[in-house]
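Note sheet for the following structure.
Residue numbers (the working numbering): 22 to 222.
Dropping the structure here:
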């Protein structure tokens, strides 16, 4: 079900700016323009909680949203956007990897991948890094409303094949922010991780 309450808390341009670890966190990550903002809005049941844009790379910090007073949703900067400086891309990479490896409250990373295309090398490198570092993650395929039934099956199969080649097995969910397919499954997945005996001590 949709979130009862959802509010913006703060924008953390660096790991040191993240809020105290008082609630479990689920973060959304993916290449720029993958449909991450639309997916987040669909999951929480809000039209404009996260601003969507046709300009890739708009998110330039770790944006925190408090959901139902129970968990933080963290919207991470998109990766792979070429029209920002190399130093800025490197800064994003350093800060987000520091977050992944050192944030004790982090329960799950939602890796967003465009279902219409083969996972790109950036996607493969990202999920391999997550798995290699023991960070719980799931792959959520976006924009499935653009696909036929056969294409949907193909999209899911190629991601599972990629994971098999990496010797990994994680949830793979096919979603559409437009027609809401798969959104409830994403909510259930998040709930499973958020409610997994989180201890703030």
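Idealized CB from N, CA, C, for every residue including glycine.
Only a predicted model underlies this, so the values are computations on that prediction, with no experimental measurement involved.
Within this structure, are the beta carbons of residue 129 and residue 214 separated by less than 7 angstroms? Here residue 129 refers to the residue found at position 108 of the chain shown. Here residue 214 refers to the residue found at position 193 of the chain shown. Cβ distance < 7 angstroms, so residue 129 and residue 214 count as in contact.
For the putative contact between residue 139 and residue 112, defined by C-beta atoms under 8 angstroms, what is the C-beta separation to the nearest angstrom? Working through the chain shown from its first residue, we reach residue 139 at position 118. Working through the chain shown from its first residue, we reach residue 112 at position 91. About 28 angstroms separates the two Cβ atoms, so there is no contact after all.
Residue(s) in a DSSP beta bridge with residue 52: Taking the first residue of the chain shown as 1, we reach residue 52 at position 31. Partner(s): 100.
Which residues in the same chain as residue 173 place their Cβ atom closer than 8 angstroms to its Cβ, once the five residues preceding and following it in sequence are excluded? Numbered from 1 along the chain shown, position 152 holds the residue referred to as residue 173. Within the same chain, 136, 165 and 195 come within 8 angstroms of residue 173 by CB-CB distance, once the 5 residues on both sides are set aside.
Note down the Cα distance separating residue 61 from residue 150, rounded to an integer number of angstroms. Along the chain shown, one-based indexing puts residue 61 at 40. Along the chain shown, one-based indexing puts residue 150 at 129. Looking at the two C-alpha atoms, the distance is approximately 23 angstroms.
Do residue 33 and residue 83 have their CB atoms nearer than 7 angstroms? On the chain shown, residue 33 is found 12 positions in, with the first residue counted as 1. On the chain shown, residue 83 is found 62 positions in, with the first residue counted as 1. Taking 7 angstroms as the Cβ cut-off, residue 33 and residue 83 qualify as a contacting pair.
Per-residue burial, residue 29 [other beta carbons within 10 Å of its own, 16 or more giving buried]: Locating residue 29 in the chain shown gives position 8, where the first residue counts as 1. Counting the other Cβ atoms within 10 Å of the Cβ of residue 29 gives fewer than 16, which makes it exposed.
Keeping to the same chain, check which residues put their C-beta closer than 6 angstroms to that of residue 162; ignore five residues upstream and five downstream. Counted from its first residue, the chain shown places residue 162 at position 141. Result list for residue 162: 134, 136, 176 and 195, in chain order.
Rounded to a whole number of angstroms, what is the C-alpha to C-alpha distance between residue 22 and residue 87? Reading the chain shown from its first residue, position 1 is the one you call residue 22. Reading the chain shown from its first residue, position 66 is the one you call residue 87. Distance between the alpha carbons of residue 22 and residue 87: 16 angstroms.
Could you spell out the range, first to last residue, of the alpha helix (DSSP H) harbouring residue 147? Locating residue 147 in the chain shown gives position 126, where the first residue counts as 1. Going by DSSP, residue 147 is part of the alpha helix (DSSP H) stretching over 142 to 153.
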